[in-house]
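The next block holds one structure in the form of structure tokens; read it before the comments.
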Amino acid sequence: MQLKSYLLPLLSVASTLTATPIASPDKASLESRSAAGCFEITQFRNSGSPHSISATVSFDVVDRSTNAAATCRAILSIQPSIVTTQFPTYCNDTTVAFGFQYNPPFPGYWLSIAHIYNNNNTVDAGAVWAGRDIRRYDNPSGNPNGDYDYLNYPAEFSVAYNRHVQQLPISTAAAPVPTP
Numbered sequence: 279m280q281l282k283s284y285l286l287p288l289l290s291v292a293s294t295l296t297a298t299p300i301a302s303p304d305k306a307s308l309e310s311r312s313a314a315g316c317f318e319i320t321q322f323r324n325s326g327s328p329h330s331i332s333a334t335v336s337f338d339v340v341d342r343s344t345n346a347a348a349t350c351r352a353i354l355s356i357q358p359s360i361v362t363t364q365f366p367t368y369c370n371d372t373t374v375a376f377g378f379q380y381n382p383p384f385p386g387y388w389l390s391i392a393h394i395y396n397n398n399n400t401v402d403a404g405a406v407w408a409g410r411d412i413r414r415y416d417n418p419s420g421n422p423n424g425d426y427d428y429l430n431y432p433a434e435f436s437v438a439y440n441r442h443v444q445q446l447p448i449s450t451a452a453a454p455v456p457t458p
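Every letter in the sequence shown is one number past the one before it in my numbering, and letter 45, counting from 1, is 323.
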């Protein structure tokens, strides 16, 4: 009983800690940090288009900490008119990529965004659940070709990200000399 009274608090503290892998000095390592910043999303839209079978997911993304700015868009000819696109779908700045997918185990749409920079050694990556509230726009003219579906989600929001930095080893050893 006494061991149990010491062990349970210790295990509960251990479950709240995050493990940090320790890489060998001769290998590259990844360093994961807690939330480093936010992607600011504006002009978000995921909907069909009147009188068309095409649908668009589009938004602008800005990261003030790195001065990254991109316009992201995917257009598909689909029914129903909510666009999903695999990660990585590249934005107009190819250092920024996104994905927009429906995930049945967590019912709803997920937007994931990544920005890779610093000679491909730093990646800022985050995701947000965009819900599953699909609504229908009914064209007031009565023409059913003007009706389309859209994802009811705010046009402006932020996505917190984690920063992952790959630290390459610094070699102080001389290059091996080939043997004859």
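Note that beta-carbon positions come from the ideal geometry of N, C-alpha and C, so glycine has one too.
Quick one, which of Phe376, Arg351, Glu434 and Asn345 has its alpha-carbon nearest Ala333's?
Indexing the sequence shown from 1 puts residue 333 at position 55. Comparing Cα positions, the closest option is Arg351.
Helix, strand or coil: how does DSSP classify Pro422 here?
Reading the sequence shown from its first residue, position 144 is the one you call residue 422. Looking at Pro422 - three-state DSSP - the assignment turns out to be helix.
Would Asn324 and Tyr426 be called neighbours here (beta carbons separated by less than 8 Å)?
Here residue 324 is taken as the residue at index 46 of the sequence shown, counted from 1. Here residue 426 is taken as the residue at index 148 of the sequence shown, counted from 1. No, they are not a contact pair.
Evaluate Gly404 with the Cβ neighbour count: other Cβ atoms within 10 Å of its Cβ, from every protein chain shown; 16 or more gives buried, anything less gives exposed.
Taking the sequence shown and counting its residues from 1, one reaches residue 404 at position 126. The residue in question, Gly404, is buried, as its Cβ has 16 or more Cβ neighbours within 10 Å.
Could you check if Ala392 is buried or exposed, using at least 16 other CB atoms within 10 Å of its CB as the buried criterion?
To locate residue 392, count along the sequence shown from 1; it is residue 114. Classification for Ala392: buried.
Taking Pro366 as part of the beta strand (DSSP E), name the residues at either end of that continuous run.
To locate residue 366, count along the sequence shown from 1; it is residue 88. Residues Thr363 to Tyr368.
According to the neighbour-count rule (16 or more other Cβ atoms, all chains shown, within 10 Å of its Cβ), is Ala326 buried or exposed?
Along the sequence shown, one-based indexing puts residue 326 at 48. The displayed chain sequence assigns Gly, not Ala, to residue 326. When all chains shown are included, Gly326 counts as buried.
If you follow the beta strand (DSSP E) that Tyr431 is part of, which residue opens it and which one closes it?
Counted from its first residue, the sequence shown places residue 431 at position 153. Counting along the chain, Tyr431 falls outside any beta strand (DSSP E), and DSSP gives it neither H nor E.
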